[in-house]
Structures are given as structure tokens and as C-alpha cells.
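Residue numbers (the numbering used here): 172 to 681.
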């Protein structure tokens, strides 16, 4: 199941994160799923009171319920709240609960972090985690970097954010002593943002990016002496803390820039919090880029544009497969791990197949065919591939329906419509394929007994990567529309007489 773009910055946080609305849980990150030994599908829709009753120790439940009710009413309550809870493997742990407004309207975010002996590191981690939530809502990359600098500066750090430009590092955001900055710019004869560092000068910076590692610096002054002229270096060192950290920012797996932060109280333990924050900055930039692409165009027009989205869609199943393989290394007979690896691998295969079908140009090879025979064979093929599922698919037609079209493309469209209907229907539900000829058109209608098409989603369901199914790729219906349009026809969504959804494809008669 792919997380919404606004929730993706939480995916790699080591602390458990749950996002809820009045209707229940709408998102739980992998750390939460691992803590509770639950799948995301099991968590979605679960009410917070039920979550409290299931995992919080009895003596702490009243406090937890009171905290939840007060936050729901908008009342001000002291935070954090410390609770004892049983994890999914039965261990008793004490966790710290914090809340915040969610990334989207009407959402609230709950963060469960485990206790740590280092109170200062714990405080810094919480503060940076809280600040990272706002990054994904920024309108562009520059705003993300400025917000990141503000978050670190609010914790007392002197900050410089660099972006890689060829063989140099360019200053893009600074939170430094203003008087020292003005003096440096006067001595250098140029603004700081016009004073790049070459990779040859800043060898430590270059190594951080090349090796994707974070560097703890115990003497910033020694570095400055190498980077700058004696006069400029003296002005910088007069106000620069000696300890610092250099953390790489990676976007879509590629070097993007660096976060440098200095504070005299920084310890190696605190470096981890800043390293994690740098990952969040990279994820936020990825999300901003993705959002800009999706807003700028209604559909992906080329495979290159689709690949940017595919990188995000692939990340979750790949991570699930890697986690499953790790479990199998410890227990080769781990049945759940085997099932997860198989399901996620099949999901990746479907995603790649549907993406290629969506991206390739369609030039129908027209010939005469019988639509009833085509639909019957497609339904039978689907049943054969899913022998363990009780699939009730009925093809309804008054007799043979001859038409002219591309048999392979129409079979592909029918297969996607049927797979979508079966996925939406409850176990044992009925799916009907109704075929008929009307004035000037041939109509294919697929009905199911699922939840139907939500209000306002009749058009969105055909957009690439939009899905309401936990295991869907969001490409099947986009492929159906492309096949229909290649034949000069159209497809639309409506409510079905069976109580679920109806997808109706109309093709011109030739």
C-alpha cells in the first residue's frame, strides 16, 4: 500500500507515527507497524480508543483515553505523555506520546518514541521530528531548505545549507551571526551565496556526499582555515562554534546538497538526530517535486515523467521485500515473511507491466472479432490464474456481438476492468460483464458489489497512480481509458445496479 505524498516523510522515521482523523487511523509508518507487529491494512480505519485498549497497560489506559478525548476537543493538555505498553512481541516498553496537527486538514499526528537515557538527544530528536512535518507542505524546494534552516536554528544551531553545483558547493540558506556575516561579505567583496566552495577545497564535504555518510566535526576552525583567506577565516572563527556536523541530503538517491550545523554542545549522539533530519529534507524535496509534476499535468505523458512517480511507488514494496528477506535469514520457515515477499514482488510485477502498457503508444490492429467470445475467454483466464478465489463472473449478452477492434488491446482493457471489479467486491461477490450494441456504439459494462465510486472520484479513478485499493497500482483504469481512446471511444464510472461500481466502455461501431 502506497502512502499519500504528505505522509511519505514519516516512512523512514525510526519513531512510530500514526495519523488519525475522526473516522480512525489513516496512516501508520513502518516503525509503528514493526512496534505493534501489524500490517498497514490492519491498522487503517482502527479507532484510537481500540488501539489504546489493545496495547496500553491497564493502569495507564484511563490516562491515555483522557488525553485522547481532550485532544479531540481541542483542549490544551500537557505533553508529552508517558505510557507503558505491550509491543507486538509481548515486551513491556515505556513510550513518550506527542501530538501535532497532521499534514492534511482534519488530521492529527501521534508520535510514540521510546525512552532514551540521553535527555538532550531525546529533546533534539523530538524537536527536529516535529519540525520535519512542516517541510512537506512547503510550496517549492527553496522554501523546504529555508524551513529546514529555521528548524535547526530554533534549536540553537548555526546553520549553512549547501547545494551541489557541478564541482562546487553553493550556499543556499544561512542562519549565522549577522554581524559576522556582514564582515565576511565586506572582506570577501561579495555576498556569501556568491562565494562557493570547490570540492577540491572542501574534501570532507565531497567525501560525505560520495560515501553517503554524516561527519561529526570536532574542530570547525581548522576547516575554515583551509576554506577561506586568513582575514575572512578570522571573522568566521570569532563567532563559529567549534563542534559541528555535515549531513548529506539525497534526493531520489542522488547527491543534492549538505546540511552543516554547529553548536558547542553537540555530541556524537546528537549527530544521529541531524542525520535523520537531513533524510527528511531529501524526502520533502522529493515530495515537492512530485506534487509539482502532478499539479502541472493531469496525466503523465511520457515514460520519463512516469519514472519519477514510479520511484516513489516502488520504494514501499521493495522495503517490504527486504524486511521479509531479513526475517527469512533468521527463520527460513517464516510463513508471513514468505507471503509478504511474494505479494510485494507480484505487486512490483503488476506495476511495471501496467506502467509499460500505459506508456507505450497504442496503434490498434483492427480486425473482426466476437466481443462475447473475447469477454468469456478473458473471464475464464482470470479464474484460472486465481484458482483459490471464489470468483463469480457472469458474462451477460443477448447473443454474439461482432465488432471491429484490436483483440489484444480489448482483452487487456477487459482484464483490468475485471481485476478491478473482483478486487472491489467482497469474498463471494458477483461481477457482471454486460455487452450490448446501441445506436452507433458497442458497450461493455462491468458491474461489481464493492463500495462503489466515492463522491467526486468518477474522473480521478482514471488518473495514473490514483487508487483506492490497498494493493492496487493505480494504473489499471488508466490503461483502460487509453485503450478506449485508442479505439475512438470513452470510458466512465458510475453506480452499479448491483450496489457497487459500474465501469462502462463505449466503442464506436465500424
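Cβ coordinates follow ideal geometry from the N, Cα and C atoms, glycine included. For clarity, every value in this text was computed on a predicted model and none was experimentally measured.
Simplified DSSP state of residue i, which is helix, strand or coil
| i | result |
| --- | --- |
| residue 322 | helix |
| residue 411 | coil |
| residue 638 | coil |
| residue 269 | strand |
| residue 618 | strand |
| residue 626 | coil |
| residue 313 | helix |
| residue 186 | coil |
| residue 631 | helix |
| residue 519 | helix |
| residue 177 | helix |
| residue 254 | strand |
| residue 613 | strand |
| residue 248 | coil |
| residue 279 | strand |
| residue 263 | strand |
| residue 608 | strand |
| residue 454 | helix |
| residue 596 | coil |
| residue 297 | helix |
| residue 274 | coil |
| residue 464 | helix |
| residue 534 | coil |
| residue 503 | coil |
| residue 658 | coil |
| residue 668 | coil |
| residue 509 | helix |
| residue 404 | helix |
| residue 234 | helix |
| residue 215 | coil |
Rounded distance between the beta-carbons of residue j and residue i, thought under 8 Å
| i | j | result |
| --- | --- | --- |
| residue 218 | residue 195 | 5 Å |
| residue 430 | residue 452 | 7 Å |
| residue 263 | residue 255 | 6 Å |
| residue 742 | residue 632 | The displayed coordinates of the chain run from 172 to 681. Any statement about residue 742 would go beyond what the structure contains. |
| residue 511 | residue 491 | 6 Å |
| residue 373 | residue 328 | About 19 Å; that fails the 8 Å criterion. |
| residue 461 | residue 176 | 6 Å |
| residue 334 | residue 428 | 4 Å |
| residue 577 | residue 536 | 5 Å |
| residue 596 | residue 621 | 5 Å |
| residue 226 | residue 269 | Rounded, the Cβ-Cβ distance is 17 Å, inconsistent with contact. |
| residue 220 | residue 236 | 6 Å |
| residue 533 | residue 653 | 6 Å |
| residue 388 | residue 422 | Rounded, the Cβ-Cβ distance is 24 Å, inconsistent with contact. |
| residue 435 | residue 412 | 4 Å |
| residue 639 | residue 625 | 7 Å |
| residue 324 | residue 332 | Actually they do not touch by this definition, with Cβ atoms about 11 Å apart. |
Which residues DSSP lists as bridging residue i, in chain order
| i | result |
| --- | --- |
| residue 342 | 333 |
| residue 647 | Note: residue 647 sits in no beta bridge, so no partner. |
| residue 539 | 575 |
| residue 681 | Per DSSP, none; premise fails for residue 681. |
| residue 663 | 675 |
| residue 603 | 565, 618 |
| residue 433 | 329, 415 |
| residue 302 | Answer by DSSP bridge pairing: none, since residue 302 is not bridged. |
| residue 424 | Partner(s): none; residue 424 has no beta bridge. |
| residue 284 | 267 |
| residue 227 | 256 |
(request) Would you check if the region 300-320 and the region 407-418 touch, i.e. whether three or more CB-CB distances between them fall below 8 Å? (result) Contact between the region 407-418 and the region 300-320 is absent: fewer than three C-beta pairs spanning the two stretches fall below 8 Å.
(message) So, does the region 345-359 touch the region 391-409, judging by three or more C-beta pairs under 8 Å?
(response) Here the region 345-359 makes contact with the region 391-409; the two share three or more CB pairs at distances below 8 Å.
(request) Would you be able to state if there are at least three C-beta pairs under 8 Å between the region 183-198 and the region 266-282? (result) yes
(request) At 3 residues or longer, and completely inside the region 541-593: list those beta strand (DSSP E) runs for me, N to C. (result) Within the region 541-593, the complete beta strand (DSSP E) runs of at least 3 residues are 563-567, 573-576.
(message) Within 8 Å, do at least three Cβ pairs link the region 389-397 to the region 331-347?
(response) no
(request) Report yes or no: do the region 544-553 and the region 510-519 share at least 3 C-beta pairs separated by less than 8 Å? (result) Flag = no, the region 544-553 and the region 510-519 do not touch.
(request) May I ask you to verify whether the region 601-621 touches the region 671-680, counting CB pairs closer than 8 Å and requiring at least 3? (result) A contact exists between the region 601-621 and the region 671-680.
(request) Tell me the start and end of each unbroken alpha helix (DSSP H) in the region 188-213 that is at least 4 residues and wholly inside, in chain order. (result) Counting whole runs of 4 or more residues, the region 188-213 contains the alpha helix (DSSP H) stretches 201-207.
(request) Kindly provide the ranges of any alpha helix (DSSP H) runs that are 4 or more residues long and lie completely inside the region 351-399, ordered along the chain. (result) Runs found: 374-382, 391-398.
(message) Within 8 Å, do at least three Cβ pairs link the region 599-608 to the region 556-565?
(response) yes
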